[in-house]
Amino acid sequence: MTANKKLNIVNNHGESIVGILETKSAIDAGRQQPRIILISHGVLGHKDYLFFRLLAEELPFSSFRFDFRGNGESDGKAGYAHMKEDADDIATVAAHFEKEGYEVYGIIGHSRGAVACLKYASSCKKPIPHVINCSGRYKMNDNQIYKNRPEIGASLDKHGYFDWSVKQRDRITNIKVTREDVDKFTSWDNSYGNEKYTTYHLCFDCAWYQRQYCSCLQCRHVRQCDSQPHAGLTSRSRSQL
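Number 152 in numbering that gives the first Met the number 0 belongs to position 153 of the sequence shown; there are no gaps in the numbering.
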């Protein structure tokens, strides 16, 4: 039996992190300790973004999908380079469920959420059994602003910032992105990956990112799923996860 419950978990800044706990009571009943999977969205996403709701339904584990601070229903302010802040929110959520008696059996992250998952996992004293990276980048220093959005690059050069206007669920979010924010993003280092993971799953929209992770991360086991579009997973790859 599956049951859904909305939870509010307060982070270390007093901000409410909102998410959906999807419990699989029949599955958990057969275990000494219930297991939970944490699902993390990408930049300016939300807990029901893309394939997350369907993935939560199909997983053979209880799961918690949530909005990072400043996104969806959660408190706080969204940011262009909030990788560390996102990782801190994952730590807050994980600590909550461990206190409730769960084993954090895996973390699934999409895009920037995958980067945050790796950062969190690398800080854990006890290894996370499964870390799943869906379309997360390894090298962040290939600044694509000038290539993909030359008008934004021009504003950054002229004014030292650009206005980032993005449709975020049911509202328009406007964020002032400074040169400092861009430098923070492009200088982010993912090389802290280590051998503590039991399994590191990779699902990528870009083969180049996949090769970077496979060559740079020293994991006990790397399992590569099918190549994917950035904004989705096929039913086959959901089953592979």
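Each residue gets a CB set at the ideal place from its N, CA and C atoms; glycine is no exception.
Bridge partners - residue i, DSSP secondary structure assignment
i	result
Val17	Asn7
Glu98	A small correction: the amino acid at residue 98 is Lys; Glu does not occupy that position in the sequence shown. Partner(s): none; Lys98 has no beta bridge.
Phe161	Val176
Thr248	Residue 248 lies beyond the range of the chain shown here (0 to 240); nothing can be said about it.
Reference residue i; option with closest CA among the options
i	options	result
Pro128	Lys5, Ile36, Ile8 and Glu21	Ile36
Arg178	Ala80, Asp27 and Glu56	Ala80
Lys118	Ala86, Ile144 and Phe60	Ala86
Pro33	Leu53, Lys76 and Phe60	Phe60
Ile38	Leu58, His12 and Ala77	Leu58
Lys125	Gly105, Ser134, Ser15 and Lys138	Gly105
Trp163	Lys157, Arg148 and Asp169	Arg148
Ala113	Asp169, Thr172, Ile144 and Lys83	Lys83
Ile171	Ala77, Asn10, Val9 and Gly29	Ala77
Lys138	Leu53, Ser186, Gly29 and Asp182	Ser186
Asn189	Asn132, His158 and Asn70	Asn132
Check: residue i C-beta below 7 Å from any heavy atom of the ligand MG
i	result
Tyr119	Annotation note on the ligand MG: not contained in the displayed structure, which lists no ligands.
Neighbourhood of residue i by C-beta, 6 Å cutoff - its chain only, sequence neighbours within 5 removed
i	result
Tyr48	His40
Val17	Asn7, Asp66, Glu72 and Ser73
Phe51	Ile38 and Arg64
Phe161	Ile151, Ser154, Leu155 and Val176
Glu14	Arg68, Asp74 and Gly75
Asn3	Ile19 and Glu21
Asn10	Ile16, Asp88 and Thr91
Residue i: first and last residue of the uninterrupted alpha helix (DSSP H) it sits in
i	result
His158	Pro149 to His158
Arg178	Arg178 to Thr185
Val114	Arg111 to Ser121
Ser24	Ser24 to Asp27
Phe50	Unbroken run through Phe50: none, as it is neither H nor E.
Close beta carbons around residue i, own chain, < 8 Å, minus the five adjacent residues each side
i	result
Phe63	Leu6, Gly18, Ile19, Leu20, Glu21, Ile35, Ile36, Leu37, Ile38, Val92 and Phe96
His12	Arg68 and Gly75
Gln31	none
Asp27	Pro33, Arg34 and Ser61
Gly100	Gln32 and Pro33
Residues near residue i by beta carbon distance below 7 Å, same chain, minus five either side
i	result
Val103	Ile35, Leu37, Ala93, Phe96, Glu97 and Ile127
Ala90	Tyr119
Ala55	Glu21, Ile38, Ser62 and Arg64
Ala115	Ser39, Met82, Asp85, Ala86, Ile89 and Gly108
Phe184	Tyr79, Ala80 and Met139
Residue interval of the beta strand (DSSP E) (run including residue i)
i	result
Phe65	Ser61 to Phe65
Arg34	Arg34 to Ser39
Are the stretch 108–128 and the stretch 29–49 touching by the rule of at least three beta carbon pairs closer than 8 Å? Yes, since at least three Cβ pairs between the stretch 108–128 and the stretch 29–49 fall closer than 8 Å, the two stretches touch.
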